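J.:
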Amino acid sequence: MSPDELHIYINDFANRLGFVGYGAVAVEKMPSERARLECFVSKSYHGSMRYLAANMNIREEPSLLMDGAKSIMVLLIPYKPPLRQQKHFPKISSYAYGLDYHFFVKSRLRTLAEKIKELYPQMNYRVFTDSAPIFERALAVKAGLGFIGKNTFLISKTQGLSTLIGIIITDIQLKYSIEKVSNGCGKCTRCIEACPNGALIAPFEMDARRCISYNTIESPLGERLSSSPLIREDNIFGCEICMDICPWSSKGEPTNWQEFLPFAIQQGRSSVEVSAAEWLSMEEEEFRTHFSKSPLFRAGLSKIKESVTCANLKK
Ligand code: B12
Ligand code: SF4
Ligand code: SF4
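Each residue of the sequence shown is one higher than the one before, counting from 1351 in our numbering.
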C-alpha cells in the first residue's frame, strides 16, 4: 500500500470509529515546546502538578516513549454535549458528564491501531490520552488539526474547542501532515477578558494556579491562593468559561460518542442532576457506587465537597 493509500485507509477507519480529525507527524525532538514548558514551570504556574516538571527529556524527545518509534498519529475526539446541564445544578465541565474518557478513548485508539496492524503485523504501538509526558496540543498543531488559541486550547476550525486529543505512537512510516492551520484569534481577546481570575495572564499563557479547572480537579485538598482568592462562579468540576466565550466554539456537532453522555444514577436522576445539598450530604460509598467510572472520581468526594462549598451557587 502506498503512503497515500495508507493515509486514506487510516482516515476512513478513524472516521468510522468516531474520530473527527486525524494527522500524523514524524517523531522529532521538540525543543521549543520544552523551552515553553520550562518557562511555565520556572514561574511556578504549574502549582502542585509536579508531573509537569518531571520527565522533561521524554517530553522533548518522544522517541524515548517507545523503541524504534517513527511516527505519531494524532486523533481528535468530539465531546460537545447535545444538551448542557440545567443551570440550577452545580456546574460540571461537559467532558465529564459521562464516563472517564481515559479508558474508552484509549480503547478506540487501540481498535484503530489493531486495524492498521492487520496490514503491518510487525507494527508496534502505544496509545495515550492525557496519560503520558507528551505535548499533545503542540503535536495536534504539527499534525495540521488546529491552532493554539489565546486561551491555550487546541482549536479546530471545523470542530471547535470541545475536542480531546488521542495519540498513537508507532514504529511504521506514515504520510505526514504538511499543511498547518493559521491562527484564528486575530484581534480577539474575549477569553482573556472573560476569565474571572486573570488566569490567562497574557495571550497563550496561563497561570494554572489561578485556573478554576486546576483548583477543582488537580490541586490538593485545602490548597488556596493566599494572595488572591479564587472566583469559582458555579463551577465544581472543571471550567469552560474561556471555551464557551470563544467564537470558534460554535463549530463542531454534538458528540455521537455515547460514553460522554450523562448516565443514570439512583431515583431517576442523571450524573449531572445532583444538587449542592445532595453533594454535601453524599457518603463515600454512594459516591463510589455511582461515580467510580466518572472523571469526578479522580478528584474524590472530599474535593468535590470543598468545591461545592467554595462555589458561588444559588441556594
Ligand atoms: C496540565 C494540564 C492542564 C492544566 C494546565 C492547562 C494549561 N493550559 O497548561 C489544567 C488543570 C489547568 C488544565 C485544564 C484544562 N484541560 Co488540560 N491538560 C493538561 C495536560 C496534562 C498538560 C498540558 C501542559 O503541558 N501544559 C503546560 C503548557 C506549557 O503546555 P501546553 O498547554 O501543552 O502548550 C503547548 C503548546 O500549546 C505550545 N504552545 C503554547 N502556546 C503556544 C502559542 C503558539 C502561538 C503556538 C504556535 C504554540 C503554543 O507549547 C506548549 C508546550 O510547550 C494536557 C495533556 C497533555 N499531555 O498535553 C491536558 C489537556 C491540555 N487538557 C485538556 C482539557 C480538555 C482541559 C480542560 C478543558 C478541562 C476542563 N473542562 O476543565 C481545561 C482547559 C483550560 C485551558 N484554558 O487550557 C485537553 C485539551 C484539548 C484541547 N482541545 O485543547 C488536553 C490536551 C488533554 C487531552 N488529551 O485532550 N489542563
Ligand atoms: S478554564 Fe476558566 S479559570 Fe481556567 S483559564 Fe479558562 S476561564 Fe480561566
Ligand atoms: S476567545 Fe478569541 S482570543 Fe480567545 S481563543 Fe477564542 S478566538 Fe482566540
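Note that beta-carbon positions come from the ideal geometry of N, C-alpha and C, so glycine has one too.
Just so you know, these numbers come straight off a predicted model, no measurement behind them.
Alpha carbon to alpha carbon, what distance is there between CYS1389 and ALA1552?
T.: Distance between the alpha carbons of ALA1552 and CYS1389: 14 Å.
J.: What are the residues that DSSP puts in a beta bridge with SER1620?
T.: ALA1614, per the DSSP bridge assignment.
J.: Work out the CA separation of TYR1470 and THR1461 for me, nearest whole Å.
T.: In a straight line, the C-alpha of THR1461 is about 14 Å away from that of TYR1470.
J.: Just checking SER1657 against ligand 2 - is the residue's beta carbon closer than 6 Å to any of the ligand's heavy atoms?
T.: False, no ligand heavy atom lies under 6 Å from that Cβ.
J.: Tell me whether MET1556 sits in a helix, a strand or coil according to DSSP, three-state version.
T.: Of the three classes helix, strand and coil, the one that applies to MET1556 here is strand, per DSSP.
J.: Find the nearest neighbour of LYS1465 within the set PRO1604, THR1539 and ILE1360, judged by alpha-carbon distance.
T.: With distances taken between Cα atoms, LYS1465 lies closest to ILE1360.
J.: If we require 4 or more residues per run, which alpha helix (DSSP H) segments fall completely within the region 1388 to 1436?
T.: For the region 1388 to 1436, whole alpha helix (DSSP H) runs of length 4 or above, ordered along the chain, are 1406 to 1410.
J.: Around the C-beta of ALA1549, are 16 or more other C-beta atoms found within 10 angstroms, so that it is buried, or is it exposed?
T.: ALA1549 comes out buried.
J.: Suppose only complete runs of 3+ residues qualify. What are the beta strand (DSSP E) ranges in the region 1510 to 1570, listed by chain order?
T.: DSSP runs (the beta strand (DSSP E)) wholly in the region 1510 to 1570: 1513 to 1520 and 1550 to 1552.
J.: Given that a residue counts as buried once 16 or more other Cβ atoms are within 10 Å of its Cβ, and exposed if not, what is ARG1400?
T.: ARG1400 is exposed by the Cβ-count criterion.
J.: Shortest alpha-carbon distance to HIS1295 belongs to which of MET1406, ASP1450, MET1416 and ALA1376?
T.: With the chain covering only 1351 through 1665, there is no way to say anything about residue 1295.
J.: Would LEU1489 and VAL1391 qualify as a contact pair, given that the criterion is a beta-carbon distance under 7 Å?
T.: Cβ atoms of LEU1489 and VAL1391: not closer than 7 Å.
J.: Going by the C-beta, is ARG1540 closer than 6 Å to any heavy atom of ligand 3?
T.: Flag set: Cβ of ARG1540 near ligand 3.
J.: Could you tell me whether any non-hydrogen atom of ligand 5 is closer than 6 Å to the CB of LYS1456?
T.: This structure lacks ligand 5; its bound ligands are ligand 1, ligand 2 and ligand 3.
J.: Can you give the Cα-Cα distance for LYS1537 and VAL1622, rounded to whole angstroms?
T.: Computed Cα separation, rounded: 36 Å.
J.: For CYS1596, verify whether its CB is less than 6 Å away from any heavy atom of ligand 2.
T.: Result no, Cβ not under 6 Å from ligand 2.
J.: I'd like to know whether the C-beta atoms of LEU1426 and LEU1495 end up nearer to each other than 7 Å.
T.: It is a contact, given that the beta carbons lie within the stated cut-off.
J.: Starting from TYR1451 and walking both ways along the beta strand (DSSP E), at which residues does that stretch end?
T.: Where TYR1451 is concerned, there is no enclosing beta strand (DSSP E), although the alpha helix (DSSP H) it sits in stretches over 1451 to 1467.
J.: Is the beta carbon of ILE1515 within less than 6 Å of some heavy atom of ligand 1?
T.: Indeed, a heavy atom of ligand 1 lies less than 6 Å from the Cβ.
J.: Is ASN1302 near ligand 3, judged by its Cβ being under 6 Å from some heavy atom?
T.: Nothing in the structure corresponds to residue 1302, since the chain is present only between 1351 and 1665.
J.: Which of helix, strand or coil does DSSP assign to PHE1485?
T.: In this structure, PHE1485 counts as coil in the three-state DSSP scheme.
J.: What are the boundary residues of the alpha helix (DSSP H) that ARG1648 is part of?
T.: Its alpha helix (DSSP H) spans residues 1646 to 1649.
J.: Below 7 Å between beta carbons: does that hold for ALA1661 and ARG1559?
T.: No.
J.: How about ILE1518 and VAL1477: do their beta carbons lie closer than 7 Å?
T.: In contact: ILE1518 and VAL1477 (Cβ atoms closer than 7 Å).
J.: Report yes if the C-beta of ILE1591 is less than 6 Å from at least one heavy atom of ligand 2; otherwise report no.
T.: Yes.
J.: For the beta strand (DSSP E) containing TYR1447, name the first residue and the last one.
T.: No beta strand (DSSP E) contains TYR1447, which DSSP labels as neither H nor E.
J.: What residues match up with LYS1441 in a beta bridge as DSSP calls it?
T.: Its beta-bridge partners are ASN1585.
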